[in-house]
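Chemist: Pasting a structure below so you can have a look.
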Amino acid sequence: SQQGEEDPQALSIQEGENATMNCSYKTSINNLQWYRQNSGRGLVHLILIRSNEREKHSGRLRVTLDTSKKSSSLLITASRAADTASYFCATATAYNAGNMLTFGGGTRLMVKP
Amino acid sequence: DSGVTQTPKHLITATGQRVTLRCSPRSGDLSVYWYQQSLDQGLQFLIQYYNGEERAKGNILERFSAQQFPDLHSELNLSSLELGDSALYFCASSVLARDNEQFFGPGTRLTVL
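Protein chains in written order, with the numbering used here: chain A, 31 to 143; chain B, 39 to 151.
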């Protein structure tokens, strides 16, 4: 079963606009990671935020984490057509002996030129 | 390029058959994970190995098995294949057993006819 729910399921914006995707999860986590997947291809790791962090930046990406609300958001600023992809949040829970990731259903982002 | 390699890229086989998917982790990574991505189930964790030993198990069917060899490459064996096993199978690797980024390979697309 999926731990995370992503919102929205699909998002269409114009190039240059910002895109915000949200992720909610159910259990306590060690960290939350965001991945990008171009159609039918592999997942590209974007950013990891640990449970004791509230915000993290990487280039045009900004991730926030609110553990009290069990939610995270991914902001892509000044979007480009090349950002068109599916974006997944994935959580590593606090109860695992290993480091398995539980993925949300993903947000399909389309950036129109 | 994540540094994780998977072979083959595509596999087409018939119901009842057995296949082996292969994964080579990034240099220096001791942990290997297998995930399945299907339209109806989304991305699901199957199994994790760390330095040759099974570390965590997810929604892996009894018909599926995996192992990690001394050179750290891993194989996922799928037997008695059913139509519903058609999916993208991803391997990921990470340095440690827990709490760090996972880097995904390009995946093996399995089609069972």
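Glycine included, each C-beta is placed from N, C-alpha and C at the ideal position.
Which bits of chain B does His87/A rub up against, with CB to CB less than 9 Å?
Modeler: Simply none; closest approach about 16 Å.
Chemist: Whose Cβ in chain A lies nearer than 9 Å to the Cβ of Phe128/B?
Modeler: Here the neighbours are Gly72 and Leu73.
Chemist: Does Gly145/B have its Cβ less than 9 Å from a Cβ in chain A?
Modeler: Yes, Gly145/B lies at the interface with chain A (some Cβ there is under 9 Å from its Cβ).
Chemist: Strictly by DSSP, which residues pair up with His74/B?
Modeler: The identity of residue 74/B in the sequence shown is Gln, whereas the question assumes His. DSSP lists Gln82/B and Tyr127/B as partners of Gln74/B.
Chemist: Give me the DSSP bridge partner(s) of Thr43/B.
Modeler: Thr43/B is bridged to Ser62/B.
Chemist: Residues of chain B with CB under 7 Å from Gln63/A, in chain order?
Modeler: The contacting residues are Glu139.
Chemist: Terminal residues of the continuous beta strand (DSSP E) containing Tyr55/A?
Modeler: Unbroken run through Tyr55/A: none, as it is neither H nor E.
Chemist: Quick one, which residues of the stretch 69-81 of chain B are near chain A if we go by CB-CB under 9 Å, in chain order?
Modeler: Residues Ser69, Tyr71, Tyr73, Gln75, Gln79, Gly80 and Leu81.
Chemist: Comparing the C-beta of Ser62/B with each C-beta of chain A, is any distance below 9 Å?
Modeler: No, no contact with chain A.
Chemist: Three or more beta-carbon pairs under 8 Å between the stretch 56-72 of chain A and the stretch 57-74 of chain B, yes or no?
Modeler: These segments do not touch.
Chemist: Mind checking Gly134/A: buried by the 16 CB within 10 Å criterion, or exposed?
Modeler: With 16 or more other Cβ atoms within 10 Å, it is buried.
Chemist: Could you check what DSSP says for Asp37/A in three-state terms: helix, strand or coil?
Modeler: Here Asp37/A sits in strand by DSSP.
Chemist: What does the alpha-carbon distance come out to for the pair Ile50/B and Val150/B?
Modeler: Distance between the alpha carbons of Ile50/B and Val150/B is about 6 Å.
Chemist: In this structure, does DSSP put Leu110/B in helix, strand or coil?
Modeler: Of the three classes helix, strand and coil, the one that applies to Leu110/B here is coil, per DSSP.
Chemist: State the start and end residues of the unbroken beta strand (DSSP E) segment that holds Leu73/A.
Modeler: Residues Leu73 to Arg80.
Chemist: How would you write the range of the beta strand (DSSP E) that Thr149/B sits in, first residue to last?
Modeler: Segment Thr146 to Val150, the beta strand (DSSP E) holding Thr149/B.
Chemist: Alpha carbon to alpha carbon, how far is Pro144/B from Ser98/A?
Modeler: Approximately 35 Å, taken between the alpha carbons.
Chemist: Using a Cβ-Cβ distance cut-off of 9 Å, determine whether Ser112/B contacts chain A.
Modeler: Ser112/B does not count as touching chain A.
Chemist: What is the DSSP secondary structure of Leu105/A, counted as helix, strand or coil?
Modeler: Strand at Leu105/A.
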